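Everything below concerns the one structure shown next.
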Amino acid sequence: MNSIRSEKGQAFIFGLLFLAVVVMALLILYNQGQLVSNRVQLENAADATVYSQAKLAARNQNFIAYTNRAMVANEVSIGQMVSLLSWAKHYKQVQAFTSYPLYRFPVAPPSPTTFADILNATTIPYRVMGEAVSAAAKPMVEVWPTVVSYFNSTLGVFQKMFALATLAAQVEVGMGVVEDHEDDPDDPNMYIPVVGWYFFTQNALLTYFGENFSPTNLADLVGDATADKDWSADAEDLSRDFLGGQVGELENMINDNSPGLSRKKSKNTSGGANSNVNTGEQAEANAIEAYQRYMAIVNRNRASFTEDRHWQLWAEIPDIIPEITLSLGIITLTIDLDFSIGGGIKNDGGTVYMSNDPLEADSDIAKLNWSAIDVLSFGLEFDIGLFVEIELCLPIVGCDSWTLLDFNFVLPIGFPLAGATHQVVSANSHAKRVLSDWGLPFNNDTGKYGGDSEDPDNNGAFDGFHLQTLAWGQASPSLLPGMYGLRTSQDVTDSYAGPPSFFSLGGSFQESGKSYEFTTALAKSLDDVQTSDNDSLGIDSNDESWDDGSIQYTNFDVKTRSRAEGDDFAADYQQFIWNDDRPMMTVSSAETYFANPMQALSDGSAEPASLFSPFWDARLREPSAIAILIATGEIDFEDMFEGLSNTAVGMVDWLLNAIGDRLVDTGVEYLVDQLDPPWGTLVEGPIHDGASQVKDIAVDAVVDELEEFLP
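Numbering follows our numbering, with no gaps: position 424 of the sequence shown is 424.
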């Protein structure tokens, strides 16, 4: 009986031990669940924040594309007006060409009726039409280029303002997304640390001021940070990944192009040692390349009437000379003489947007202008060719042949009927003056002033058939001193204010179709994570392996550890950039990319990236190794862009003001420079006031909101 009572309660002891194990397991599960939940919340917020910022950037790039396309369409409309006036004038000026000396001979002596009399009578309907159309077109050409060029320059200012507004929106959306991901908005725990605002500033600097940054210096920083680590990639590869594949001299993703202003851009925007001493020269080269591309796009989008005004009434006598074959034993000689005659009337003309000088300097950009030419001739063309071939046939060896002669040439004899030119320039000094400025006969540069490379009968206005017409246009007494630009009041209009200011895409980004890396950093203090005790985080404060670099940081570790918990300089630095001594931290990255799902080039390849096609979008990406090195304090962000403020408010305030000063102010300055008196004086004040208000609202409102958001 006693032995039975002594065994009571043993199961209770085992139950207590089991309960202790269960409680410990539950505590561990609770702790890990809290860590995972908070970590997932942090990562989701970071992904959403950086994706939203990249999405806004993509929207800005699409806005640039739409406005650039609008500029091109507006520019093309000037070409259509110039084409119409030149086409009308060449019919209006028929009598200046029917006075050609060869037309003064009688048709049938002794009758006094000359060829000129007949031509003047038969061309009356054309002269009447030319008079009527030119009377209507001339006033339009005087006004329309001014309206279009002012409007395009205004669009250029809007691009700058929208870029500034986009940066302000990215700041606000970053704060808004973080707030939306809080469990308790009244008691926020997540925050964007100093390094997060640095990442935002860094992307904007690289996007718009990239020429100030030195990739070589970045490679040196990466090399120092990874010298004692076992990295699979070297410093140059890591730098190349961070810089979107660029090597050597760095460039902007988005270039601001304003004729005559590229050299005025600051040579040291960031004010640090990373600045490129050749910024002015690089800005000039970027501008020249951008306007060459703009010029090509405008010409590619010309209407058919603007590009090529060709028609002909033509009859042809085909070759009637048969081929001759002479057989001389083992030698066979083949002779084919071609001789055909064509005759009739040819009308050719075209309008092109170009500079009279090659675009080699910033000052040449202002010389971009529209020029049109139309000519009408009648006459004959003799097509002569000779082909001689010899064939040798030997027994056993076989036959072989050689071509002795094979040539063909066309002898055109055209007589003048009509001709005219017109130019729209920003200054009379930029106009062509004489025939040689336009081109030379027989120089069939098809596509420039009319012509079709796939049509042998359409060689444009400088076809040899128009030789006498082109020459008489310079020498006709009725047109003296010529129709090519010396009569400035009749053949040149200087109402064009010049090409617009606009944004363009850097060359390497046209190839890659991707932006610089957008990165954000989010954190919350581990003290704000509700766990049973701090030891559950698995942190050993005496573990020095984090400080000696033997443990590498990863972006998605559940057990988060920061160097900020050490006691060396690196720990102090991380406490500063993460705003806490025990942060749970994460870094997320995104990028904008170009992809047109509806259009491919004629060869089937994808359309190259540009800021003339609105197919930019955003996507998440893995943070680059350099972003992680900056986030962990192994690369000091102040060494990346020296001269930046080391506070969140200071960086954002400086960035928005720098963008406003460099982009918005230069755009406004160019627009005001284009305005002729009295318009410049009247609108200069309102334009500057409007731009200042936009900058003040974008900067002050965002900075005030940021100050309230920061912990």
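Glycine included, each C-beta is placed from N, C-alpha and C at the ideal position.
Note that the coordinates shown come from a computational prediction; the quantities given were computed from them, not determined experimentally.
For this session: Please report the Cβ distance between A372 and S83, rounded to the nearest whole angstrom; I am assuming they are in contact, meaning their Cβ atoms lie under 8 Å.
Result: 5 Å
Exercise. So, are the CB atoms of A58 and L611 less than 8 Å apart?
Worked result: no
For this session: Could you have a look at W578 and say whether DSSP puts it in helix, strand or coil?
Result: coil
Exercise. Going along the chain, which residues of its own chain have a beta-carbon closer than 8 Å to the beta-carbon of P358, five neighbours each way excluded?
Worked result: D364
Exercise. From L417 to H466, what distance separates their C-alpha atoms?
Worked result: Those two C-alpha atoms are separated by around 10 Å.
Problem set entry | C-beta neighbour in chain B for T592, strict 8 Å | The chain inventory of the structure shown lacks chain B, comprising one protein chain alone.
Exercise. Which first and last residues belong to the beta strand (DSSP E) in which V375 is found?
Worked result: Run containing V375: 369–394, per the beta strand (DSSP E) assignment.
Exercise. Can the beta-carbon of T666 be found less than 8 Å from the beta-carbon of S149?
Worked result: Their beta carbons are not under 8 Å apart, which means T666 does not touch S149 by this criterion.
Exercise. With DSSP run on the structure shown, which of helix, strand or coil describes I64?
Worked result: helix
For this session: Kindly identify the DSSP beta-bridge partner or partners of S503.
Result: According to the sequence as given, residue 503 is Phe; it is not Ser. Its beta-bridge partners are D256.
For this session: Kindly indicate which three-state DSSP category V128 falls into: helix, strand or coil?
Result: helix
Exercise. By a C-beta neighbour count over all protein chains shown, 10 Å radius and 16 as the cutoff for buried, is I13 buried or exposed?
Worked result: Result: exposed.
For this session: Determine the direct distance from the alpha carbon of F97 to that of Q474, and round the result to whole angstroms.
Result: C-alpha separation (whole angstroms): 11 Å.
For this session: List the whole-angstrom C-beta distance separating S588 from T520, where the pair is believed to meet the contact cut-off of C-beta under 8 Å.
Result: 6 Å
Exercise. Taking the alpha-carbon positions, what's the D186 to A227 distance?
Worked result: 45 Å
Exercise. Any contact of the stretch 32–44 with the stretch 134–151, i.e. 3+ C-beta pairs under 8 Å?
Worked result: no
Exercise. Hey, V492 and Q423: beta-carbon distance below 8 Å or not?
Worked result: yes
For this session: Pull up the distance between the alpha-carbon of D256 and that of I192, whole angstroms please.
Result: Whole-angstrom Cα-Cα distance: 30 Å.
Problem set entry | R621 - partner residues in DSSP beta bridges | S589
Exercise. Looking at the unbroken beta strand (DSSP E) that takes in T98, where does it start and where does it end?
Worked result: That residue, T98, is in no beta strand (DSSP E); its alpha helix (DSSP H) goes 94–98.
Exercise. If you compare alpha carbons, which of T113, K92, K160 is closest to E131?
Worked result: K92
For this session: Can you tell me which of the three DSSP states I192 falls into?
Result: coil
For this session: Take S541 and list the residues in its own chain whose beta-carbon comes closer than 6 Å to its own, dropping the five residues that flank it on each side.
Result: With a pLDDT of 45 at S541, under the threshold of 50, the modelled position of that residue is not reliable, and the figure given next carries that caveat. Closer than 6 Å at the Cβ level, and outside the excluded window around S541, lies no residue.
Exercise. In chain order, what residues of the same chain have a beta carbon less than 7 Å from the beta carbon of Y299, not counting five sequence neighbours either side?
Worked result: Checking the sequence, you will find Asn at residue 299 rather than Tyr. Excluding residues within five positions, the ones whose Cβ falls inside 7 Å are V352, Y353.
For this session: Spell out a yes or no on whether the stretch 468–486 and the stretch 429–440 are touching, meaning 3 or more CB-CB pairs, one atom from each, closer than 8 Å.
Result: yes
Exercise. Where does Y484 sit, in a helix, a strand or coil, going by DSSP?
Worked result: coil
Exercise. Just the Cα atoms here: how many angstroms apart are A285 and K514?
Worked result: 22 Å
Problem set entry | Rounded straight-line distance, which links the Cα of L655 to that of T201 | 7 Å
Exercise. In terms of alpha-carbon separation, which member of F387, E389, N369, L386 lies closest to S429?
Worked result: Nearest C-alpha to S429: N369.
Exercise. In or out: F105 buried (at least 16 other Cβ within 10 Å) or exposed?
Worked result: exposed
For this session: Within 10 angstroms of the Cβ of P623, are there 16 or more other Cβ atoms? Answer buried if so, exposed if not.
Result: Answer is buried; the Cβ neighbour count reaches 16.
For this session: Using DSSP bridges, identify the partner residues of W311.
Result: N347
Exercise. Between the beta-carbon of L405 and the beta-carbon of L392, is there less than 8 Å?
Worked result: For L405 and L392, no; Cβs fall outside 8 Å.
Exercise. Rounded to whole angstroms, how far is the Cβ of A648 from the Cβ of V194, which I believe are closer than 8 Å?
Worked result: Rounded, the Cβ-Cβ distance is 5 Å, consistent with contact.
Problem set entry | N408 - partner residues in DSSP beta bridges | N408 pairs with G385.
Exercise. Buried or exposed: which applies to V177, given that a residue is buried once 16 or more other Cβ atoms fall within 10 Å of its Cβ?
Worked result: buried
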